[in-house]
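To convert, note that position 89 of the sequence shown is 89 in UniProt numbering; the numbers rise steadily by one, no gaps.
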Amino acid sequence: MNLRNMKVAGNRKIAADTYELKLYTGPDFKTSPGQFVHVLVDPPHYLRRPLSVASISRDELTLVYKTFGEGTKTLAGKKIGEEINILGPLGNGFTFPEEKRVMLIGGGVGVPPLLELASDLHEMGKSIHAVLGFKSEQDVFYEEELKGFAEVTVVTEDGSYGKKGLVTEWLDDSADIFYACGPNPMLRALLTELEIPGFISMEERMGCAIGACFACTIETTDGGYVNVCKDGPVFPKDKVVLP
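Following this line, the structure appears as structure tokens:
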């Protein structure tokens, strides 16, 4: 983990209210799939925003964010060459599987952390099926990027693009293990539907992102507690009690 300023290499809209931010990192910045960074937007927005890492190259970091409030709207206005303060990489990422057939399940802005994971799994020779869920056609992104590594099924709630319904209606019965990232209702539904081993990446509100403020503390299935920022955001499917 470290604190540094990074220059904007690109900042483009890729779907409705959804942006892809590319930052120059330098060759010494390393992350693992599933980790995140804490982004400081210009004052008066003093609270950092946790953003999942979509991909990392030799000297470029790709993040995806949705414009929910004034802070992320300010971030959407960042131009190439401007600097952004980054804390990270943070958290624990995905554990790579021994199993051959892997299903990736992403909902909305839960899709980005699956891209780097898919790339690594593809290099390992795994058979990958990605199921991506969105509200509508205007919200769809990263379908083509993931097709470079996996079979992809896109599901929209209104049926305006791809399959109609929820991701739980289009799961791959042949998968040996799953990795999922998305809103808690989606994750809860998956835990009910899937009996195979799996890992979930949680989208929890955070304060400090280093485990000091306990803003993202959740209960574990054995009666204990963990911090999503420090102990997660990725957990084995039977480790935590979803809020």
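Think of the CB as a built atom: it goes at the ideal place given N, C-alpha and C, for glycine as much as any other residue.
All figures in this text were calculated on a predicted structure; none of them were measured in a lab.
Annotated three-state conformation of residue 202 is strand, per DSSP.
Taking a contact as a CB-CB distance under 8 Å, the pair residue 54 and residue 97 does not count as one, their CB atoms being some 20 Å apart. Rounded to whole angstroms, the separation of the alpha carbons of residue 219 and residue 100 is 31 Å. A straight line joining the alpha-carbon of residue 23 with that of residue 215 spans about 28 Å.
In this structure, DSSP gives residue 171 a state outside helix and strand, which the three-state scheme calls coil. In this chain, the beta strand (DSSP E) harbouring residue 5 covers 2 to 15.
Annotation: the segment 125 to 159 contains the following complete segments of the beta strand (DSSP E) (minimum length 3 residues), in chain order: 127 to 134 and 151 to 156. Taking a C-beta distance under 8 Å as the contact criterion, residue 80 and residue 6 do not qualify as a contact pair.
Residue environment for residue 181: buried (at least 16 other C-beta atoms within 10 angstroms of its C-beta). Rounded to the nearest whole angstrom, the CA to CA distance from residue 37 to residue 68 is 18 Å.
Of 229, 153 and 225, the smallest CA-CA separation from residue 111 is found for 153.
Secondary structure of residue 83 (DSSP, three-state): strand. When secondary structure is reduced to three states using DSSP, residue 183 falls in the coil class, being assigned neither helix nor strand.
Annotated three-state conformation of residue 212 is coil, per DSSP. The beta-bridge partner set that DSSP reports for residue 239 is empty. Annotation: the continuous beta strand (DSSP E) that includes residue 55 extends over 49 to 56. Proximity of the segment 118 to 133 to the segment 57 to 76 falls short of the contact definition, fewer than three beta-carbon pairs being nearer than 8 Å.
By the C-beta criterion, the segment 127 to 135 is judged to be in contact with the segment 158 to 178, since at least 3 inter-stretch pairs fall below 8 Å. Apart from sequence neighbours up to five positions away, the residues of its chain that approach residue 198 with a beta-carbon distance below 7 Å are 177, 178, 179, 180 and 237, ordered along the chain. Taking 8 Å as the upper bound for CB-CB distance, residue 234 and residue 92 are in contact here, some 6 Å apart.
Ranked by Cα distance from residue 140, the options 13, 187, 41 and 9 are led by 13.
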